[in-house]
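Participant: Numbering (the working numbering), first residue to last: 552 to 832.
1. Work out the CA separation of residue 647 and residue 670 for me, nearest whole Å.
2. Taking the C-alpha atoms as reference points, what is the distance between residue 571 and residue 674?
3. Might you give, ordered along the chain, the residues of its own chain that have their beta carbon closer than 6 Å to the beta carbon of residue 607, omitting 5 neighbours on each side?
4. Just the C-alpha distance for residue 827 and residue 754, rounded to the nearest angstrom, thanks.
5. If I'm right that residue 592 touches residue 735 with Cβ under 8 Å, what's the distance once you round it to whole angstroms?
6. Have a look at residue 627 and residue 615 and give me their C-alpha separation to the nearest angstrom.
7. Quick check: residue 557 and residue 773, are their CB atoms within less than 8 Å of each other?
8. Taking the beta carbon of residue 602 as the centre, do at least 16 other beta carbons fall within 10 Å, making it buried, or is it exposed?
9. From this set, 688, 796, 629, 765, which residue's C-alpha is nearest residue 611's C-alpha?
10. Have a look at 605, 563, 625, 609 and flag the residue whose alpha-carbon is nearest the alpha-carbon of residue 589.
11. Go through its chain and collect everything with a Cβ distance to residue 771's Cβ below 7 Å, but skip five positions before and after it.
12. Keeping to the same chain, check which residues put their C-beta closer than 7 Å to that of residue 653; ignore five residues upstream and five downstream.
13. Alpha carbon to alpha carbon, how far is residue 830 from residue 697?
14. Can you give me the C-alpha to C-alpha distance between residue 584 and residue 739, rounded to a whole angstrom?
15. I'd like to check one pair, residue 691 with residue 684: are the Cβ atoms closer than 8 Å?
16. If I measure Cβ to Cβ from residue 751 and keep anything under 7 Å in the same chain, skipping five residues before and after, which residues do I get?
17. For the 8 Å Cβ check, are there 3 or more pairs between the stretch 782–789 and the stretch 695–711?
18. Below 7 Å CB to CB, which residues in the same chain sit around residue 767 once its five sequence neighbours on both sides are set aside?
19. Short check: CB of residue 715 to CB of residue 794, under 8 Å?
20. Where residue 681 and residue 687 are concerned, what is the direct C-alpha to C-alpha distance, given to the nearest angstrom?
21. Leaving out the 5 sequence neighbours to the left and right, which residues in its chain are closer than 6 Å to residue 720 when beta-carbon positions are compared?
22. Taking DSSP as the reference, what is the three-state secondary structure of residue 565?
23. Report the three-state DSSP secondary structure of residue 651 (helix, strand or coil).
24. Apart from the five residues just before and just after residue 645, which ones in its own chain have a Cβ nearer than 7 Å to its Cβ?
25. What is the rounded straight-line gap between the Cα of residue 623 and the Cα of residue 769?
26. From the DSSP output, in three-state form, read off residue 545 for me.
27. My parser needs the beta strand (DSSP E) runs of 3 or more residues fully inside the stretch 770–814; what are they?
28. Using the beta-carbon count (16 or more within 10 Å), is residue 554 buried or exposed?
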């Protein structure tokens with residue numbers, strides 16, 4: 552597989568619709584804090600480009616579980632494989648719930664209909680087409696994601712008057728999160744979170760992203776381009792919820808059906824008012 556396809560897959564599989572619901576809510580409430588989770592991904596992929604991607608590719612295996620088998624034996628491989636089933640199902644449920652909230656707020660589609668429909672569709676694509684089909688759809692998704700989020704982020708900045716006006720208008724008491732009296736705590740959390748994300752992106756289970764490339768050089772290029780995307784992308788993703796917070800929008804008044812989860816619509820609120828509806832269709 553070519554490096555840009557592997558890079559697109561690595562990027563798109565590292566986050567979900569939760570980014571634009573739950574993570575956007577944290578950006579709305581706590582400012583910069585959530586950004587460092589995604590910059591931790593960037594650091595992790597740069598470390599992979601420097602060291603791990605090449606070495607994982609040299610193993611000449613096809614799945615991450617084979618790496619577990621080589622390192623820890625067949626028993627560990629089987630235990631980890633079967634334990635991963637329920638954990639993966641729970642992770643998928645969280646991702647689908649995030650997508651359901653987003654679709655419900657934007658298109659007024661029932662939450663359960665979205666979860667069941669998308670779950671069936673994704674399963675069908677993965678089972679019928681395999682990794683190549685999934686990678687091809689990831690490339691298409693990446694192109695659409697970059698185009699839409701860049702457009703929405705730019706329109707949101709124009710709406711608020713630019714980055715300086717956004718910084719001035721943002722509630723200062725929540726810039727680093729609520730109830731943080733010492734800035735050292737904020738930066739300590741940032742360092743720990745970036746270390747944690749770096750380990751997550753370079754462990755034996757995450758190495759499948761680099762196993763599909765043609766050679767070691769392609770694996771390093773895929774990791775590097777993913778790191779670059781994770782530096783730029785999150786900034787553009789969280790500009791709309793930052794603008795929503797700066798404009799003091801009452802999200803519960805906009806989305807009464809979401810009740811206490813109304814903050815999950817922070818991205819939707821700004822993006823639907825500052826961009827063309829066709830972007831979301």
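Here a beta-carbon is modelled for each residue, glycine too, at the ideal position from N, C-alpha and C.
Facilitator: Here's the rundown:
1. 7 Å
2. 22 Å
3. 758, 761
4. With a pLDDT of only 48 at residue 827, under 50, the local geometry of the prediction cannot be trusted, and the value read off the model is given with reservation. For residue 827 and residue 754, the distance between alpha carbons rounds to 41 Å.
5. Not a contact, Cβ separation roughly 24 Å.
6. 13 Å
7. yes
8. exposed
9. 765
10. 563
11. 600, 604, 605
12. 568, 571, 572, 819
13. For residue 830, the predicted structure reports a pLDDT of 47, less than 50, and the residue's modelled location is therefore unreliable. The matter cannot be settled from this model.
14. 11 Å
15. no
16. 595, 757
17. yes
18. 605, 608, 609
19. no
20. 10 Å
21. 797
22. coil
23. helix
24. 569
25. 27 Å
26. Lying before the first or after the last residue shown, residue 545 is absent from the chain, which here runs from 552 to 832.
27. none
28. buried
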